[in-house]
Structure formats: structure tokens, C-alpha cells
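Enquirer: Sending over a structure as C-alpha cells; questions will come in a sec.
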Amino acid sequence: MLNSDFIISKSLANYIHHRRLEVGVSSTDLAEISNMSKSDWESFEKNGGAIPLNSKDIILDLLFLERFPKEKECDFIDKLFEEAKENKLWPEKIYQTMGLTPALSFIAGCEILSDDINNDLEELSKLPKESHLGQLDTSLLLSLLPQQFITKYDYEFVYKLSKVLAQYTSRNKVGSPYTAHSVIEEICLYLIAKESILYFESLDENSHLQLKELLDYNDEWPFDIFDDMDSYTFLYTDIYIEEDSLYHFKNWFVPQFYL
34 MLNSDFIISK SLANYIHHRR LEVGVSSTDL AEISNMSKSD WESFEKNGGA IPLNSKDIIL
94 DLLFLERFPK EKECDFIDKL FEEAKENKLW PEKIYQTMGL TPALSFIAGC EILSDDINND
154 LEELSKLPKE SHLGQLDTSL LLSLLPQQFI TKYDYEFVYK LSKVLAQYTS RNKVGSPYTA
214 HSVIEEICLY LIAKESILYF ESLDENSHLQ LKELLDYNDE WPFDIFDDMD SYTFLYTDIY
274 IEEDSLYHFK NWFVPQFYL
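Under the numbering used here, the first residue of the sequence shown is numbered 34, with each subsequent residue one higher.
Here it is as C-alpha cells:
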């Protein structure tokens, strides 16, 4: 081992792997900077080792870091990762393409959204057939849905939304992509991301700050899946949706994208 080498522990190497997935840096790029083959770099990310000292600052820049985290901080991220991987909702494809916080967001958001949907279905079942979410005393789900179509959110709609959510969670088991083919699928992923904010806010203050500092923490990952922000622009801003728009409620369940 040369004096010009910088030693990376196993936990720090694991963190580098999580971080590069978050910010979209390829293993090929980091391998080239470190004078390694791609396979050697991937082994390094699992086990740690030495990198050329002169590559350290370049790697930090590519990962948008001012410093490498301390061992305790790396262990915190690893613990979150290991716990999340044990969850039946673990989205491997989301993790491999976007990183750990979108994966955590997906798990937490699915669980919270499922609870909200079930609560609203129970309450709607007690009301006359044409009742909608706007008539409930409280509905967290309603607060996240586009407001133009409140009267459309009846029992049947909420039930169909539950099936869209179930389709997303089942994709984990078969390894299917999370591509959204309809407006309702885009809305569902958006709701998952927004609901997950409750999870991140439930972490103790120190954990919350560490997560924001160490990973690319945000709730906008669904837009990377959509490849645009059109659903947000049309449904969650001041735009009035005309009946002939593909974002009008009557078209939400119609497959329109990536066909």
C-alpha cells in the first residue's frame, strides 16, 4: 500500500455506493477516477480498501459532498438500509436507479397511503352511495388529491386507487419497472412520495438532519420516473383542467404514457 493511498473503511465504501446511486453517478466514472476496473470498484464498494489520494477530492465533488461522513454516520445509513431491505415492500429497482431515500420514501409512503385509503373506504361505506371524500369530517387523502375534482372521489374511486397502489407494491415481487402509464398511476406515485414526508418527519431530529445531510433527501423522485412534471403542473397548480385535456378526471384511468 502506497503513502499516496487514501484508506476507505467498509462502512464508508457502502455509504459511497448509496450516495452515488442517489446523485446518479455511475460506478464506471468512479472506477476510472480511482484507476480501477469497474469490477474492482464494485468490489471496493462492498468491502472498502484504498483509493489514490489524488482522487479523493474528485470523488467528493462528483458525489456533491464537502467531506466524507464519519463512521457513526455511515453506520446510521447502513442501519436504515438493512432494515428497509427486510421490508416486503423494498423496491430494488427504485434503489438501484435512484438511491436509498426514494426507496425509503416508497416503503413508508405505501404503508401510510394504504392506511389512509382504508380509513376513507371505511368512512365512505357508512354514507349514501354517491358520497365523496369532501363530505367526510377529515380525510388526509383528500388534502393530497387535485382539488378540482373533489366530488369525483367517491367509494369506487378510492377503491380503484387502492388497486393502483396494490399494483405498484406487487411490482417489487416480479421485478417490473415502476413506469406510470396513466394519470392515476402518476398521481399514486406522487401521493406515495408526499405521504412519506410523515415518516421522515417522525425521525428524531438528529436522524432527520443526518439523512438530509448524507443523502440526496427529497420527495420529487416520482418526476424522474415520469420524465417530466406535467401531472404536477396541470393538477397541482392554478390551471383549470378542461374536459378535453388528458389530465381531466375522466381520462385518469386511461393508459396514455409509454405505450
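Where a beta carbon is used, it is the ideal one built from N, C-alpha and C, also for glycine. Owing to the predicted nature of the structure, the values given are computational and were not obtained by experimental measurement.
Roughly how many angstroms lie between the CA atoms of K185 and K227, to the nearest whole one?
Expert: In the sequence shown, counting from the first residue as 1, residue 185 sits at position 152. In the sequence shown, counting from the first residue as 1, residue 227 sits at position 194. Straight-line Cα distance between these residues: approximately 21 Å.
Enquirer: In chain order, what residues of the same chain lie with their CB nearer than 7 Å to the CB of M34, ignoring the 5 residues before and after it?
Expert: For the purposes of this step, residue 34 is taken as the residue at position 1 of the sequence shown. The predicted position of M34 is uncertain, since its pLDDT is 46 and thus under 50; a value taken from the coordinates is nonetheless stated next. Excluding positions up to five away in sequence, the list reads A83.
Enquirer: Nearest-angstrom Cα distance between L194 and T130?
Expert: For the purposes of this step, residue 194 is identified with residue 161 of the sequence shown, where counting begins at 1. For the purposes of this step, residue 130 is identified with residue 97 of the sequence shown, where counting begins at 1. Approximately 25 Å between the Cα atoms of the pair.
Enquirer: What residues in its chain sit with their C-beta under 6 Å from that of F256, if we drop five residues either side in the sequence?
Expert: For this step, residue 256 is matched to residue 223 along the sequence shown. Taken in chain order, the residues that qualify are M262.
Enquirer: What is the rounded straight-line gap between the Cα of D149 and the Cα of L173?
Expert: Position 116 of the sequence shown, counting from 1, holds the residue named residue 149. Position 140 of the sequence shown, counting from 1, holds the residue named residue 173. Going from the Cα of D149 to the Cα of L173 covers about 7 Å.
Enquirer: Put L35 into one of helix, strand or coil per three-state DSSP.
Expert: For the purposes of this step, residue 35 is identified with residue 2 of the sequence shown, where counting begins at 1. In this predicted model, L35 has a pLDDT of only 47, less than 50, meaning its place in the structure is not dependable; the value taken from the coordinates is given anyway. L35: coil per DSSP, three-state reduction.
Enquirer: Indicate the three-state DSSP secondary structure (helix, strand or coil) for P85 in the structure shown.
Expert: What you label residue 85 is simply residue 52 of the sequence shown in a count that begins at 1. The answer is strand: DSSP assigns P85 an E or B state.
Enquirer: Going by the beta-carbon positions, is the gap between F259 and A199 smaller than 7 Å?
Expert: The sequence position of residue 259 within the sequence shown is 226, counting from 1. The sequence position of residue 199 within the sequence shown is 166, counting from 1. No, they are not a contact pair.
Enquirer: With distance defined between alpha-carbon atoms, name the residue in I127, G132 and I183 nearest to T202.
Expert: Stepping through the sequence shown from its first residue, residue 202 is reached at position 169. Nearest of I127, G132 and I183 to T202, Cα basis: I127.
Enquirer: Can you list, in chain order, the residues of its chain whose CB lies under 7 Å from that of Y269, leaving out five sequence neighbours each side?
Expert: Reading the sequence shown from its first residue, position 236 is the one you call residue 269. Cβ neighbours of Y269 beyond the five flanking positions: P179.
Enquirer: How about the segment 241 to 251 and the segment 50 to 63: do they share at least three Cβ pairs that are nearer than 8 Å?
Expert: Yes: at least three Cβ pairs fall under 8 Å.
Enquirer: I'd like to check one pair, I140 with L122: are the Cβ atoms closer than 7 Å?
Expert: Residue numbering aside, residue 122 sits at position 89 when the sequence shown is read from its first letter. Residue numbering aside, residue 140 sits at position 107 when the sequence shown is read from its first letter. Contact: yes.
Enquirer: Looking at the strands, I want to know which residues DSSP matches up with D187.
Expert: On the sequence shown, residue 187 is found 154 positions in, with the first residue counted as 1. Answer is H165, bridged to D187.
Enquirer: Quick test of your reading: L45 and I92, contact by CB under 8 Å. State the CB separation rounded to the nearest angstrom.
Expert: The residue given as residue 45 occupies position 12 in the sequence shown. The residue given as residue 92 occupies position 59 in the sequence shown. Contact doesn't hold; Cβ gap of about 11 Å is too wide.
Enquirer: Which residues in the same chain have their Cβ closer than 7 Å to the Cβ of H51, if we skip the five residues on either side of it in sequence?
Expert: For this step, residue 51 is matched to residue 18 along the sequence shown. Same-chain partners within the cutoff: I110, F114, G132, L133 and L248.
Enquirer: Report the rounded CA-to-CA distance for V287 versus Q181, giving the unit in angstroms.
Expert: Residue mapping note: residue 287 aligns to position 254 of the sequence shown, counting from 1. Residue mapping note: residue 181 aligns to position 148 of the sequence shown, counting from 1. Answer to the nearest angstrom: the Cα atoms are 19 Å apart.
Enquirer: Going along the chain, which residues of its own chain have a beta-carbon closer than 8 Å to the beta-carbon of D38, five neighbours each way excluded?
Expert: The count along the sequence shown starts at 1 and reaches residue 38 at position 5. So the qualifying residues of the chain are A83, I84, P85 and L86.
Enquirer: According to DSSP, is I92 part of a helix, a strand, or is it coil?
Expert: Stepping through the sequence shown from its first residue, residue 92 is reached at position 59. Looking at I92 - three-state DSSP - the assignment turns out to be helix.
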